[in-house]
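A.B. asks: Heads up, the sequence shown is in our numbering, so the first residue is 597 and it goes up one at a time.
For each residue, glycine too, the CB sits at the ideal point set by N, CA and C.
The structure displayed is predicted, hence computed values, not measured ones.
Just dropping this structure here.
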Amino acid sequence: MKKWILAIAVSAALAGCAADTTTHLPAGVKLIETVQLTGDQVGIPYKKYQLANGLTVILHQDNSDPLVHVDVTYHVGSARELAGRSGFAHLFEHMMFQGSANVADEQHFEVVTEAGGTLNGTTNTDRTNYFQTVPNNQLEKMLWLESDRMGFLLPALTSQKFEVQRETVKNERAQRIDNQPYGRMNERFNQAFYPQGHPYSWPVIGWPEDLNRATVDDVKHFFQRWYGPNNATLTIGGDFDEMQTLAWINQYFGEIPKGPEVLPDPKTPVELASTRYISMEDNVHLPLIRMAFPTVYASHGDEAALDLLANILGGGKTSLLYKNLVKDGYAVQASVSHPCQELACQMSIYALANPAKGVTLAQLEQQILDSINEFEQRGVTEADLQKVKVQFEAETIFGLQSVKGKVSTLALNQTMFGEPNKIAADLARYANVTKDDVMRVFQKYIKDKPQVVMSVVPQGMRALIAHPDNFTPQPLTVAQTAVAADLPLSTLQSTFDRTSMPPAGPAPKINVPDIWTHGLANGIEVMGTQSSETPTVELVIYLNGGHRLVPVAKAGLASLTAEMLNESSQKRSSEALSQALEMLGSTIDFSASEYQSTIKVSALTAHLDETLAILEEKLFQPGFTEADFIRVKQQQLQQIQHMQADPGYIADTALLGLLYGSNNALGVSDMGTLASVAGLTLADVKAFYAEQYRGGNAKIVTVANLSETALLPKLAGLSEWQGQASVLPPLKPFPQLSGGTLYIIDKPGAAQSVINIAKRAQPYDATGNYFKSYLMNYPLGGAFNSRINLNLRENKGYTYGARSQFTGGAETGDFVASSDVRTDVTAQALVEFIKEMSVYQQSGITPAELAFMRSSVSQGQALDYETPYQKAGFMRMIQRYQLSPDFTAEQDKIINTITKAQIDALAATEVDIKQMIILVVGDKAKIAADLARLGYPMETLVL
């Protein structure tokens, strides 16, 4: 877990009180704690209750948007598993979405999506959580859904569902681990880092052989052991009636019987007798070294000091590792962090070697150790302490910007530590760290201590490893059962009818941001809205152009120039600028994409003036030094080389070329190619800066807790920005697509095949055929329970996810249906893709799908404007495409009046497989023969 998640306030304390006996509560519901804010305190007010069966309930009121976020967190992760039985907690995350006694298979997804909501679940070593964000009139439905799977899952858990989800998990592993560069590094590292049999020594997703030996009875026993209400926390945040919500909670959850007693796992310190070396060859370009020292556990008294030590050693451009490894080009990246989990933490270090320097991992290891030794001589400064404390304050406040973030924090603190209100104590921990504390933990946990050192090198390049392996993990004795406890055998009979889904309440009023627009003295348009939820300012400057402004031969120049603007100015070095921003708790980031260059500024309102002064320095007085250029260019080249090992990147890059042609900017990645970036010069960067970063290209969007009149004077420095708007070069003719042609790119050894079915389509519009095509595609491949995903993922078990979507820009757009599928079913998956698309093209949408789409898309708008960046994105669409501020009202009208005939007509023209090309990236030796039998013209591409 990340450090700063543990704290969520910058005040010294919050007011807490005991149970309020004057409030009439439902029978069996007990008020445990009330936390309120006073004065200018910043934090999360809440009330904590407990039901008679042990279920903990936390309620947080936030009336700023008409939505609720519902989270159920169970104190069970992979650490609760037994040896040889890994993957159960994560597998159960999947099983919990497969229906229960009163909720049909796939109905959970359908109900939440039709309500306009979003949902998911996550599993880590220590907990599993399930969450939904929905319009607030859907709250009772969410409690019905969550309670049914807590109390009534087992009657609906079948062998068929189990087998499908086991295949889905295997697909997830293949996509996220086996088919990714460095994907298997973590699980291999943890085998060496933790003692044999330690619950963190196996991966959360599980070993494949453990998943294969699991039975449906094992899964049922795991549920009975860990999924009782007394091992769960229900947290709700948003706009709701508290007493009505408590009544619903008591009704739906109160009768679920208490599960077996759950005790905390022991926090046994991890100890290494000597340094362990391990290594791995992988399909990577950049050699990587990873090192870690055992330390403490989450919320230990030394955790905060260790966090500060990690920041000094490798926390950005002001750190020792940056100075000694990255600045001089020995490493493309290097970092130190101190990740903590419930039972253990580690001081984690990694560095990606720069092949251009010819450095070995043994040399990098020594440079890292030298940097650690340098710290002892350097010591800790007051600036080190102040910087981290300010960052802690800022990240805490920014963490309050969404209901989901606040609910997740409350649930996590309750689950891990039994106290949602850890904020004051956590603040004090970090505020009270001294120089002596940091030096003490360095001596105790790091200096001359054993560690685990892992080398990851490209295939066939073992000569680069840091040291020969001296550790081999031993096989575990497989536990005879999935759980070690007596299990409850009773079957719950509900006291009321759970078979009927509760109705929705009255539709909420959607709060579209109140927008103001103003022109600076130089004509730059500023569009803004005031948001008083947090004392923060988000300001985004968009510059028309980006990659589209660059000649194809210089592809990558927009990105390279943006990265150069993240470096030194004429006044200060990169390190000095980073230090200045860190001391303010602010961030300024320059980036570039297909059609625009972007400058994102995030600041606490109290530090906005100082932050804008740094922005103006970086923007108007860039350093553009030769040393920065050499380093940043080399990093971009190595990043491209690294990405070429990723099948997804290969597919995306190839598809751009096929759709738009390699002679067009749109047909080449905005990162550029190895050849184009290698040819770029510092003069090119300066010329593009002069062309792109002009006032005439700029428009500004801002969300702040300041009024228009208070904010605009602070932008006076930007009103001096001059320069005419740039003109985009004309696009060359696009290539003629050979519809129905299947292109293959060989990726030997790929764990999965990446399938893309695509064509060019219409550019963006808010209320025309582009928007209507989005509605048309929604039941085909735009929602989780779409035809494509339900077929390929839920019914066939071919993939972790499948989808289709329209993407449109100012000039053109495209339609892409895509999925990463198991290698052995590549041809079968393609057949199913084409079958679903062809049937939809010919038969169109069903009345039920039309009703579902209308409900889901229209109600989902209640979630669209919650966070500052959501508000900023909404305003940017108005600004970029010159839309009416009330364009969403016209969209609502279209959603509610578009007919089946209109959608069917769009499907007939826009989902015609004969107009589309097919691209497959995978192991050609294993997939080509089956694909050839499908009868499509086939071509092999070489990138």
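If P1375 sits next to I1441, beta carbons under 8 Å apart, how far is it from one beta carbon to the other, in whole angstroms?
C.D. replies: Indeed, because the Cβ distance is near 6 Å, the residues count as touching under 8 Å.
A.B. asks: Going by beta carbon distance, what residues of the same chain come within less than 7 Å of A1176, once the five residues before and after it are set aside?
C.D. replies: Excluding positions up to five away in sequence, the list reads I1210.
A.B. asks: Please say whether T719 and V800 have beta carbons closer to each other than 8 Å?
C.D. replies: A contact, by the Cβ cut-off of 8 Å.
A.B. asks: Over the uninterrupted beta strand (DSSP E) stretch that includes A947, give me the two end residues.
C.D. replies: Per DSSP, A947 belongs to the beta strand (DSSP E) from 942 to 949.
A.B. asks: For L1530 and V1412, I'd like the C-alpha separation in whole angstroms.
C.D. replies: Rounded to the nearest angstrom, the two C-alpha atoms are 20 Å apart.
A.B. asks: From the DSSP output, in three-state form, read off V1538 for me.
C.D. replies: It is coil, neither helix nor strand.
A.B. asks: Answer yes or no: do F819 and F688 have a C-beta to C-beta separation smaller than 8 Å?
C.D. replies: Contact flag set, yes.
A.B. asks: Could you tell me the alpha carbon to alpha carbon distance between A1425 and P1331, rounded to whole angstroms?
C.D. replies: Going by the C-alpha atoms only, they are around 28 Å apart.
A.B. asks: Decide if S552 is buried, meaning its Cβ has at least 16 other Cβ atoms within 10 Å, or exposed.
C.D. replies: A query on residue 552 cannot be resolved here, the shown segment of the chain reaching from 597 to 1539 and no further.
A.B. asks: How many angstroms separate the CA atom of T1095 from the CA atom of G695?
C.D. replies: Computed Cα separation, rounded: 12 Å.
A.B. asks: Among the candidates D1460, K626, L633, whose CA atom is the shortest distance from the CA of T729?
C.D. replies: Selected option, being the one with the closest Cα: D1460.
A.B. asks: Is it true that the CB of W1317 sits closer than 8 Å to the CB of I1184?
C.D. replies: Cβ distance not < 8 Å, so I1184 and W1317 don't count as in contact.
A.B. asks: Taking 8 Å as the cut-off, decide whether the C-beta atoms of A1188 and H1238 are in contact.
C.D. replies: Going by C-beta atoms, A1188 is not nearer than 8 Å to H1238.
A.B. asks: For the alpha helix (DSSP H) that contains T762, what are its first and last residues?
C.D. replies: Note on residue identity: the sequence assigns Arg, not Thr, to residue 762. That run of the alpha helix (DSSP H) goes 755 to 769.
A.B. asks: Grab me the residues of H1572's own chain with a C-beta within less than 6 Å of its C-beta, minus the 5 sequence neighbours each way, in chain order.
C.D. replies: Because the chain spans 597 through 1539 in this model, residue 1572 falls outside it and cannot be assessed.
A.B. asks: Where G1405 and M1123 are concerned, what is the direct C-alpha to C-alpha distance, given to the nearest angstrom?
C.D. replies: If I take the Cα positions, the gap works out to 21 Å.
A.B. asks: Short check: CB of L909 to CB of L902, under 8 Å?
C.D. replies: Not in contact: L909 and L902 (Cβ atoms no closer than 8 Å).
A.B. asks: Which two residues bound the contiguous beta strand (DSSP E) that contains Q929?
C.D. replies: From DSSP, the beta strand (DSSP E) with Q929 extends over 927 to 933.
A.B. asks: On the CB-based measure, 16 or more other CB atoms within 10 Å of its CB, does N659 come out buried or exposed?
C.D. replies: Exposed.
A.B. asks: Would you mind working out which of R1036, P890, L1023, T1337 sits nearest Q637, comparing C-alpha positions?
C.D. replies: Comparing Cα-Cα distances from Q637 to each of R1036, P890, L1023, T1337, the minimum goes to L1023.
A.B. asks: Measuring straight from C-alpha to C-alpha, what distance separates T617 and G624?
C.D. replies: Confidence at T617 is low in this model, with a pLDDT of 42, below 50, so the placement of that residue should be treated as unreliable; the coordinate-derived value is given next. C-alpha separation (whole angstroms): 13 Å.
A.B. asks: To the nearest angstrom, report how far apart N950 and P935 are at their CA atoms.
C.D. replies: Using only the alpha carbons, I get a separation of about 25 Å.
A.B. asks: Under three-state DSSP, which class holds T828?
C.D. replies: Sequence check: residue 828 is Ala here, not Thr. Correct three-state label for A828: strand.
A.B. asks: If L1386 sits next to E702, beta carbons under 8 Å apart, how far is it from one beta carbon to the other, in whole angstroms?
C.D. replies: Between E702 and L1386 the Cβ distance is about 7 Å, and since that is below 8 Å, they are a contact.
A.B. asks: Grouping DSSP H, G and I as helix and E and B as strand, with all else coil, what is Y1477?
C.D. replies: DSSP places Y1477 in coil when its eight states are reduced to three.
A.B. asks: Say whether the stretch 1046 to 1056 touches the stretch 868 to 883, bearing in mind that this needs 3 or more beta-carbon pairs closer than 8 Å, one atom from each stretch.
C.D. replies: Output reads yes: the stretch 868 to 883 touches the stretch 1046 to 1056.
A.B. asks: Leaving out five residues before and five after I1195 in sequence, what residues of the same chain have Cβ atoms less than 6 Å from its Cβ?
C.D. replies: Only I1137, F1186 meet the Cβ criterion.
A.B. asks: Quick check: the Cα distance between I628 and N826, rounded to an integer number of angstroms?
C.D. replies: So the two alpha carbons sit approximately 15 Å from each other.
A.B. asks: Thinking A1078 and H671 are a contact (beta carbons under 8 Å), I'd like their distance in whole angstroms, please.
C.D. replies: That belief does not hold up - the Cβ atoms of A1078 and H671 are roughly 17 Å apart, past 8 Å.
A.B. asks: Rounding to the nearest angstrom, what Cα-Cα distance links S1170 and F1216 in this structure?
C.D. replies: The straight-line gap from Cα to Cα measures roughly 15 Å.
A.B. asks: So the candidates are L715, E1445, G1263; which of them puts its Cα closest to the Cα of E1190?
C.D. replies: Ranking the options by Cα distance to E1190, first place goes to G1263.
A.B. asks: Of all the options M691, M738, S682, E1535, which has the alpha carbon lying nearest to the alpha carbon of A711?
C.D. replies: Taking only the C-alpha atoms, the option nearest A711 is M738.
A.B. asks: Is T1422 helix, strand or coil by DSSP?
C.D. replies: In the structure shown, T1422 sits in a helix (DSSP, three-state: H, G or I).
A.B. asks: Would the beta-carbon of P731 fall within 8 Å of that of V880?
C.D. replies: Their beta carbons are not under 8 Å apart, which means P731 does not touch V880 by this criterion.
A.B. asks: Going by DSSP, which residues form a beta bridge with H559?
C.D. replies: The displayed coordinates of the chain run from 597 to 1539. Any statement about residue 559 would go beyond what the structure contains.
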